[in-house]
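Single-structure report; data block below.
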Amino acid sequence: EEDDDEDEEEAGESEDKTDKDSSEQSAGEEAELSLVPYSNVAYSESEMLKRATDFANLLSRRRSCRQFSERPVDPELVRLLVTAAGSSPSGAHTEPWTYVCVTNELMKRRIREIVEEEEEINYARRMSAEWKADLAKLRTSWEKPYLTEAPVIVVLMRQVHGWRSGREEKRQHYYSEISVSISAGLFLAAVQNVGLCTLTSTPMNAGPALRRLLGRPPNEKVHLLLPLGYAAHNAQVPNLTRKPVEKIMVNI
Ligand code: IYR
């Protein structure tokens, strides 16, 4: 995949790994949590069906949009979208994500430069002919105008590991890939819920340079770029359809 400089090890990545060294240490120091009553919203079954229908319809209109208006997004709105994303479950509740929200025009230009420099090579040499043929229908290319047009670029960082109190000791982050990806899914749903648009951009090989540009520490890796904003008035998307539920659901 891509070569990062430091902290390359996938902390807690191997599924049932129990790291003897670290489990002996301050893991036991962690304060025990008290238990509180579980509380959730409750609806009648007819309300549930209505809400489920509405939510499925809302999410079915989500599309990866690559053409943005320059209209700014209220920073409070961005804060709330990130708050929603931060409700994701995570391995051992380690919350291994950082949402770096970039609105600075110069930073956005630099992000675009870094991504386009790598993407030019990706499209020319690193991606297979089969890959490019499969992508042709999406009309993507190495050029990423949306990285300067979108008013916000949310760079979702995955914390490969964290730190125990005092930063002297690493804290294992279990299932960080899965955790951050679930969080990203919640972010997409939150974005759709307010009528903004985004896309899940995976800038192959640009991660290390982006991390350094953003001044993020070496225990963080770029997971996704999520340009965020209002769709351009004349935005167009490929005429994709989705699998019907019968094709994706198996009842046993
Ligand atoms: N990351 C590249 C290429 C790309 C790859 C896949 I798989 C996509 O679904 C879309 C794009 C790009 O952003 O152009």
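According to full-length UniProt numbering, the residues represented by the sequence shown are 177 to 428, in order. Cβ coordinates follow ideal geometry from the N, Cα and C atoms, glycine included.
- Distance from the C-beta of Ser377 to the nearest heavy atom of ligand 1 is below 8 Å.
- Pairwise C-beta distances place the segment 387-403 out of contact with the segment 251-270, as fewer than three of them are shorter than 8 Å.
- For Thr374, the number of other beta carbons within 10 angstroms of its own is at least 16, and it is reported as buried.
- Counting along the chain, no beta strand (DSSP E) covers Trp318, and no H or E run does either.
- Around the beta carbon of Lys284, 16 or more other beta carbons lie within 10 angstroms, which makes this residue buried.
- Look at the beta carbons and you see the segment 393-400 not touching the segment 258-270: under three pairs across the two are nearer than 8 Å.
- Excluding five sequence positions before and after Glu295, the CB atoms of its chain that fall closer than 6 Å to its own CB belong to Trp318, given in chain order.
- With 16 or more neighbouring CB atoms inside 10 Å of its own CB, Ile290 falls in the buried class.
- Remark: C-beta atoms of Val249 and Gly405 approach each other more closely than 9 Å.
- In the structure shown, the three-state DSSP call for Glu396 is strand.
- Taking all protein chains shown into account, Ala261 has 16 or more neighbouring C-beta atoms within 10 Å of its C-beta and is therefore buried.
- When beta bridges are read from the DSSP output, Leu332 appears opposite Tyr275 and Leu400.
- Taking every protein chain shown into account, the CB of Met224 has fewer than 16 other CB atoms within 10 angstroms, so this residue is exposed.
- Distance from Arg334 to Val367 at the Cβ level is roughly 19 Å; contact not present, criterion being Cβ atoms closer than 8 Å.
- The beta-bridge partner set that DSSP reports for Gly338 consists of Arg347.
- If you look at Ile358, you'll find it in the alpha helix (DSSP H) that goes Ser352 to Asn369.
- For Asp250, there is no enclosing alpha helix (DSSP H), as DSSP marks it with neither H nor E.
- Around Ile358, the same chain offers Ser264 and Pro265 as residues with beta carbons nearer than 7 Å, after the five sequence neighbours per side are excluded.
- DSSP places Ser222 in the helix class (H, G or I) of the three-state scheme.
- Counting of Cβ neighbours within 10 angstroms places His337 among the buried residues, the total reaching 16 or more.
- Between Leu416 and Arg239, the C-beta gap is smaller than 9 Å, which places the two residues in contact.
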